Amino acid sequence: MKPAEKTPPVSGDAGKAAYALVIHGGAGVIRKENMSPEKEAAYTASLTAALKIGEEMLASGADALDVVEAVVKFLEDDSLFNAGKGAVLTADGHAELDASIMDGKTGMAGAVAGVKTVKHPIAAARKVMEASDHVMLSGAGADAFAGLQGLEIVPNDYFITEARKQQLEKEKAGIVQDGASNVIKKFGTVGAVALDREGHLAAATSTGGMTNKKYGRIGDSPIIGAGTYAADGIGAVSCTGHGEYFIREAVAYDLIARMKYGKQSIQVASDSIIFTELPKIGGTGGFIAMDAHGQIVMPFNTDGMFRGSVKAGEAPKVLIYQD
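Position 164 (the sequence shown) corresponds to 506 in the numbering used here; numbering is contiguous.
Okay, structure coming up:
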């Protein structure tokens, strides 16, 4: 597959941004010729609305951690994306959800994997971070913990949509899925990275994983250092792609390490990971990332990636294809 063109930083990187936000809604087989105008408009509207929520919070002085949680919760509620409601289904027809969050200010992190009943997995991930002695909880235990923490619990059917049922059936039948109704086949995930007015960074990621997954498979999204990472003074990142490769390469932390120890710019480090290192082992996907000055990168080596960004004093930008 032809790598995506390198994505230049968002404008205004010469000085430190007062605040900044970048989001994604998954990377994968996303081609303009297969996207109906109506669906393209729906994705654009949803990403724009998510940016508006986050920008209003940042402009009012909200903490980066609160912002990324709020933005991801919004995306989890939108069945267009593979996270929360509308998540892809496992081989047995259930939704099993993963999420993680990290606070660059404190270095604390939380994650849940394979949850089936907590309405907002990202909220559960934050509760793990703040109300437990652990970093990751999984399965029924994580759902039980979320309930004890007062988070909203729903039946698994809440997450399931007719479109995802059809997608699972086609996957099991071996039908090649390519078209507007199946834009995200494997790599759908949502994520957010924010820099607040106090200079703090945070990152959050949430996903339903891969269609037709078996045996309790878990990808990179709930793994700190693979799918999510944030460190004040350096940067923050949320990944989307074929999780097995992102785990093997520790992609999220690799980006931060290249910047911290190798003194690479976020652009150089990102391009090396997405366009050189991952392809060497067959890895596909992308990530959104931001350095301590609010410089944003959104590289991907797939056909497209749902993404958007906004900075203080700038209009929101939403992109889908290899623009």
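Note that CB positions come from ideal geometry on N, CA and C, so glycine has one too.
If you're wondering where the values come from, they're calculated on a predicted model, not measured in any experiment.
How big is the Cα-Cα spacing for residue i and residue j?
i, j, result
"residue 539", "residue 358", "10 Å"
"residue 597", "residue 491", "33 Å"
"residue 488", "residue 549", "17 Å"
"residue 663", "residue 386", "12 Å"
"residue 650", "residue 474", "33 Å"
"residue 628", "residue 449", "23 Å"
"residue 463", "residue 605", "34 Å"
"residue 626", "residue 546", "20 Å"
"residue 591", "residue 378", "35 Å"
"residue 507", "residue 472", "35 Å"
"residue 363", "residue 380", "26 Å"
"residue 645", "residue 624", "15 Å"
"residue 615", "residue 384", "31 Å"
"residue 574", "residue 435", "40 Å"
"residue 372", "residue 541", "34 Å"
"residue 589", "residue 382", "31 Å"
"residue 603", "residue 593", "15 Å"
"residue 559", "residue 425", "15 Å"
"residue 393", "residue 620", "29 Å"
"residue 486", "residue 451", "19 Å"
"residue 439", "residue 478", "13 Å"
"residue 599", "residue 635", "17 Å"
With 16 as the cutoff for other CB atoms within 10 Å, does residue i come out buried or exposed?
i, result
"residue 366", "buried"
"residue 476", "exposed"
"residue 442", "buried"
"residue 375", "exposed"
"residue 569", "buried"
"residue 509", "buried"
"residue 622", "exposed"
"residue 530", "buried"
"residue 557", "exposed"
"residue 469", "buried"
"residue 402", "exposed"
"residue 653", "buried"
"residue 427", "buried"
"residue 665", "exposed"
"residue 483", "exposed"
"residue 396", "buried"
If I measure Cβ to Cβ from residue i and keep anything under 6 Å in the same chain, skipping five residues before and after, which residues do I get?
i, result
"residue 345", "Because residue 345 sits at a pLDDT of 44, beneath the cut-off of 50, its placement in the model cannot be relied upon, and the point is left open."
"residue 480", "455 and 456"
"residue 561", "551 and 585"
"residue 661", "649"
"residue 572", "444, 446, 543, 544, 545 and 578"
"residue 535", "364, 545, 578, 580, 630 and 632"
Got a sec? Which residues, its chain only, sit under 8 Å from residue i by beta carbon, not counting five neighbours each side?
i, result
"residue 601", "576, 577, 607, 608, 611 and 633"
Is the distance from the Cβ of residue i to the Cβ of residue j below 7 Å?
i, j, result
"residue 511", "residue 461", "no"
"residue 423", "residue 417", "yes"
"residue 453", "residue 465", "no"
"residue 369", "residue 582", "yes"
"residue 390", "residue 564", "no"
"residue 567", "residue 587", "no"
"residue 433", "residue 554", "yes"
"residue 516", "residue 580", "no"
If I measure Cβ to Cβ from residue i and keep anything under 7 Å in the same chain, skipping five residues before and after, which residues do I get?
i, result
"residue 496", "459 and 461"
"residue 523", "With a pLDDT of 38 at residue 523, under the threshold of 50, the predicted position of this residue should be treated as unreliable, and no value is reported."
"residue 437", "429, 431, 458, 498, 501, 502 and 550"
"residue 415", "462, 464 and 465"
"residue 388", "420 and 422"
"residue 404", "538"
"residue 655", "none"
"residue 399", "408, 409 and 412"
"residue 514", "554"
Is any non-hydrogen atom of the ligand GDP found closer than 6 Å to the C-beta of residue i, if you look at the structure I gave you?
i, result
"residue 373", "The ligand GDP is absent from the structure shown, which contains no ligand whatsoever."
### Task
Within the stretch 404-476, note down every full alpha helix (DSSP H) run reaching 4 residues or more, in order along the chain.
Runs of the alpha helix (DSSP H) lying entirely within the stretch 404-476 and spanning at least 4 residues, in chain order: 406-418 and 463-473.
#### Entry: Unbroken stretches of the beta strand (DSSP E), 3 residues or longer, contained in the stretch 486-554
With a minimum length of 3 residues, the continuous beta strand (DSSP E) runs that stay inside the stretch 486-554 are 531-537 and 543-549.
### Task
Would you mind listing the beta strand (DSSP E) stretches within the stretch 360-398 that are 3+ residues and don't spill past its ends, in chain order?
Here the runs fully enclosed are 362-370.
### Task
Go through the stretch 613-659 residue by residue and report every complete run of the beta strand (DSSP E) that reaches 3 residues or more, in order.
627-633 and 646-653
#### Entry: Any beta strand (DSSP E) of 3 or more consecutive residues that is wholly inside the stretch 574-620
577-583
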